[in-house]
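Asks: Quick note on this note's numbering: the sequence shown kicks off at 68 and runs consecutively. We put the beta carbon where it would ideally sit given N, CA and C, even for glycine. Source: prediction; values computed, not measured.
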Amino acid sequence: MKESELAKMVSIAEFELNDLIPLAASRKTSAEQIDKELEMLKKNMDETKQRISAKREKFVELCDSFQNDIGKGNNDELTIILSEKKALESEKHDLNMKIHALQTSTREYLEEILEEIQNSSSGLEAEIQRRMSEKAELLKDIGDLKNLLCSISLSEDSSMKS
Numbered sequence: 068m069k070e071s072e073l074a075k076m077v078s079i080a081e082f083e084l085n086d087l088i089p090l091a092a093s094r095k096t097s098a099e100q101i102d103k104e105l106e107m108l109k110k111n112m113d114e115t116k117q118r119i120s121a122k123r124e125k126f127v128e129l130c131d132s133f134q135n136d137i138g139k140g141n142n143d144e145l146t147i148i149l150s151e152k153k154a155l156e157s158e159k160h161d162l163n164m165k166i167h168a169l170q171t172s173t174r175e176y177l178e179e180i181l182e183e184i185q186n187s188s189s190g191l192e193a194e195i196q197r198r199m200s201e202k203a204e205l206l207k208d209i210g211d212l213k214n215l216l217c218s219i220s221l222s223e224d225s226s227m228k229s
């Protein structure tokens, strides 16, 4: 191979390596962003739990108030409140199921994304190592060709002097 071809191959390999490095950085940034989104989802979940807890406490207060009113004989109000209680319990159950489903799907989605990022990162690292190895071999070949060229030039110079 000619030295210019080897130099061209080295330049191409460096160009490809320079393209792969920002891609790896982009993947890392993407993973960090996903972590931030996960933290935000956890925060939202905690806020939802706090709201549910506050509603539960209010419900308990209403129940206590209701029990006090029972002694006063408000049976129609009792029926309405009992049906509201059942509706609230059903809504609470539905919300808990939705929260659980959201947590599960979010966790699975994030695990898939992180796995893809890790696989891509591993692939990029292997590609970078392969390209670095090729570059080292090309540089060695260039050095060998230079040495050969120098030895040929020296032998021609010495044969011309003789």
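Are three or more beta carbon pairs between the stretch 151-171 and the stretch 71-88 nearer than 8 Å?
Replies: no
Asks: What is the rounded straight-line gap between the Cα of Ile-180 and the Cα of Thr-96?
Replies: So the alpha carbons of these two residues sit roughly 13 Å apart.
Asks: Any chance the stretch 186-198 sits against the stretch 83-92, with 3 or more Cβ pairs inside 8 Å?
Replies: yes
Asks: Within this structure, are the beta carbons of Ser-187 and Arg-118 separated by less than 8 Å?
Replies: no
Asks: Leu-108: which of Thr-171, Ala-203, Thr-146 sits nearest, CA to CA?
Replies: Thr-171
Asks: Alpha carbon to alpha carbon, how far is Arg-123 from Cys-235? Give it in angstroms, no decimals.
Replies: As shown, the chain starts at 68 and ends at 229. That puts residue 235 outside it, with no answer to give.
Asks: Going by other Cβ atoms of all chains shown within 10 Å of its Cβ, with 16 needed for buried, is Leu-216 buried or exposed?
Replies: exposed
Asks: Which residue wins for smallest C-alpha separation from Met-164, given the options Met-112, Asp-136, Phe-133?
Replies: Met-112
Asks: Report the CB separation of Ile-101 from Leu-149 in whole angstroms; it is logged as a contact under 8 Å.
Replies: Actually they are not in contact, since the Cβ atoms of Ile-101 and Leu-149 sit about 46 Å apart, beyond 8 Å.
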